[in-house]
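Take a look at the structure set out below.
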Amino acid sequence: MGSVAFDFSKDVVVITGAASGIGRGTALQFAKAGASLAICDMNLEEAEKTAAQCRELTSGKVIAVKMNVTNDDEVAAARDTIIKEMGTVDILFSNAGVSSKVMGPPLDIIPNSDWELVLQVNTLGMVKVCRAFAPVFREKRSGKIVLTSSIAAYTSTPRSMPYSVSKLATIGFAHAFSIEMGEYNVNVNTICPGFVYTNIYADGTAMKFRAALGGGLLKFNDNESVMNAMAAAGSSLKRAQKVEDMAYAVMFLCSEQAKEITGQVLNVDSGYVNRF
Ligand SMILES: NC(=O)c1ccc[n+]([C@@H]2O[C@H](COP(=O)([O-])OP(=O)(O)OC[C@H]3O[C@@H](n4cnc5c(N)ncnc54)[C@H](O)[C@@H]3O)[C@@H](O)[C@H]2O)c1
Numbered sequence: 226m227g228s229v230a231f232d233f234s235k236d237v238v239v240i241t242g243a244a245s246g247i248g249r250g251t252a253l254q255f256a257k258a259g260a261s262l263a264i265c266d267m268n269l270e271e272a273e274k275t276a277a278q279c280r281e282l283t284s285g286k287v288i289a290v291k292m293n294v295t296n297d298d299e300v301a302a303a304r305d306t307i308i309k310e311m312g313t314v315d316i317l318f319s320n321a322g323v324s325s326k327v328m329g330p331p332l333d334i335i336p337n338s339d340w341e342l343v344l345q346v347n348t349l350g351m352v353k354v355c356r357a358f359a360p361v362f363r364e365k366r367s368g369k370i371v372l373t374s375s376i377a378a379y380t381s382t383p384r385s386m387p388y389s390v391s392k393l394a395t396i397g398f399a400h401a402f403s404i405e406m407g408e409y410n411v412n413v414n415t416i417c418p419g420f421v422y423t424n425i426y427a428d429g430t431a432m433k434f435r436a437a438l439g440g441g442l443l444k445f446n447d448n449e450s451v452m453n454a455m456a457a458a459g460s461s462l463k464r465a466q467k468v469e470d471m472a473y474a475v476m477f478l479c480s481e482q483a484k485e486i487t488g489q490v491l492n493v494d495s496g497y498v499n500r501f
């Protein structure tokens with residue numbers, strides 16, 4: 226099979242949630258393609274590690290920037306730092322996200338704190354990041370924005386309401402935002418990852434999956450096996466995905482070859498959503 230070689234050596238790429246998982250994996254692939262990068266995360270220490278890995282791969286400039294996406298002032302300060310250090314922004318990958326801290330309870334006992342955390346980070350955090358960077362793209366009259374939603378927007382497992390709501394809201398936002406930014410020659414698209422084993426599974430997610438699966442797969446007692454079993458049981462290709470699969474989708478959407486694609490949602494899920 227053939228392969229595609231991406232070249233982002235002229236581009237400044239901003240990634241949120243880039244201290245771990247999909248954000249880190251995407252940063253590394255952009256670095257391999259020669260990009261300059263702003264590695265943004267609330268966890269600066271881990272963001273610095275991503276940045277160091279990227280510097281090994283690209284001759285472009287790479288900076289790590291502290292950005293808690295829930296804090297307007299911090300987002301604006303991070304944007305200003307990025308513009309000062311990098312000169313401009315060509316690509317924004319708004320990807321920071323969290324899962325519910327409490328998995329499994331029905332609606333009447335999901336605490337407000339869980340709704341607030343998930344919506345503050347996944348939905349309002351993304352809005353704050355897009356709002357902060359939109360003027361940069363409007364002024365350039367070019368650029369690419371990719372948002373991370375989830376297959377959970379369409380395939381909510383029982384009792385994971387806050388996360389599903391937050392990710393369906395991402396798609397609604399992206400739709401409207403793509404129309405608004407289209408006037409400025411800016412493409413806005415969304416990826417929906419399926420199952421990628423990252424740190425997001427560290428907090429009780431396996432419990433959610435066990436609840437959704439019933440007794441059949443309870444023999445698994447670690448999160449990765451439960452996740453893989455979910456992916457295998459529900460997807461056409463019978464497998465989970467890797468961070469690189471998300472990176473390639475993002476890079477395609479940010480490439481010149483995808484210049485006529487905007488307002489779209491790309492499920493990168495080995496064929497999970499289409500079986501519902
Ligand atoms: N892993 C999957 O299977 C999967 C599936 C669907 C969607 N997603 C989505 O992909 C995105 C990345 O998740 P991941 O799997 O790489 O998880 P991860 O936990 O490995 O990475 C998430 C990153 O976001 C950062 N973050 C969290 N809250 C933040 C905040 N307030 N401000 C700034 N940074 C913050 C974390 O520090 C972390 O570095 C998320 O939006 C997640 O919802 C993941």
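Going from the sequence shown to our numbering is simple: count from 1 and add 225. Backbone N, C-alpha and C fix where the C-beta goes; we use that ideal spot for every residue, glycine too. It should be emphasised that the depicted structure is a prediction, and the values quoted were computed from it without experimental measurement.
- Task: Following the continuous alpha helix (DSSP H) through ASN453, name the residue where it begins and the one where it ends.
- Result: 448-459
- Item | Minimum C-alpha distance to ASP447 - residue among ARG464, LYS463, GLN466, TYR426 | TYR426
- Among LEU478, ASN492, LYS365, CYS355, which residue has its Cα nearest to the Cα of ALA465? ASN492
- Task: Return the chain-ordered list of same chain residues with a C-beta closer than 7 Å to the C-beta of SER480, the five sequence neighbours on each side being excluded.
- Result: PHE231
- Just reading off the alpha helix (DSSP H) that PRO360 is part of, what are its end residues? 351-365
- Distance CB(VAL287)-CB(ALA276) smaller than 8 Å: yes
- Please report the residue range of the alpha helix (DSSP H) in which CYS279 lies. 269-280
- Query: Is PHE362 closer than 8 Å to MET406 when the C-beta atoms are compared?
  - Reply: yes
- In whole angstroms, what is the alpha-carbon distance linking SER391 and VAL346? 9 Å
- Item | heavy atom of ligand 1 below 7 Å from THR241 C-beta | yes
- Query: When the Cα atoms are used, what is the spatial distance from THR306 to THR373?
  - Reply: 23 Å
- Message: Rounding to the nearest angstrom, what Cα-Cα distance links ASP236 and VAL354 in this structure?
- Response: 19 Å
- Message: Looking only at its chain, what residues have a beta carbon closer than 8 Å to the beta carbon of ALA399, apart from the 5 residues adjacent to it on each side?
- Response: LEU372, SER374, VAL413, ASN414, THR415, GLY488, VAL490
- Task: Check whether the Cβ atoms of VAL421 and ILE370 sit closer than 8 Å, and answer yes or no.
- Result: no
- Task: Could you check which residue in ASP333, ALA456, SER338 has the C-alpha nearest to that of GLY419?
- Result: ALA456
- Under 7 Å Cβ to Cβ from ALA243, same chain only, skipping five residues before and after it: list those, please. ARG249, ALA252, ILE264, CYS265, ASP266, ALA272, THR275
- In whole angstroms, what is the alpha-carbon distance linking LYS484 and PHE233? 14 Å
- Nonlocal neighbours in the same chain, by C-beta distance under 8 Å from GLY440, ignoring five residues either side: Note that GLY440 scores a pLDDT of 47, beneath 50, so its modelled location is shaky; the value from the coordinates is reported in the next line. Once the five neighbours on either side are set aside, GLY440 has no close Cβ partner at all.
- Message: The beta strand (DSSP E) that contains ASN412, what's its start and end?
- Response: 411-418
- Along the alpha helix (DSSP H) that carries ALA252, what are the first and last residues, could you check? 246-257
- Message: Residues in the same chain with beta-carbon distance under 8 Å from TYR497, minus the five sequence neighbours each way, listed in chain order, please.
- Response: ILE376, THR380, GLY419, PHE420, ALA456, GLY459, SER460, SER461
- Query: Does the beta-carbon of ILE316 have 16 or more other beta-carbons within 10 angstroms, so that it is buried, or is it exposed?
  - Reply: buried
- Below 8 Å on the Cβ atoms is my guess for ILE247 versus VAL468; work out the distance and round it to an integer in Å. 5 Å
- Query: Leaving out five residues before and five after ARG500 in sequence, what residues of the same chain have Cβ atoms less than 8 Å from its Cβ?
  - Reply: GLY459, SER460, SER461
- Extent of the continuous beta strand (DSSP E) run through ASP236: Per DSSP, ASP236 belongs to no beta strand (DSSP E) and is neither H nor E.
- Message: What would DSSP say about VAL229, mapped onto helix, strand or coil?
- Response: coil
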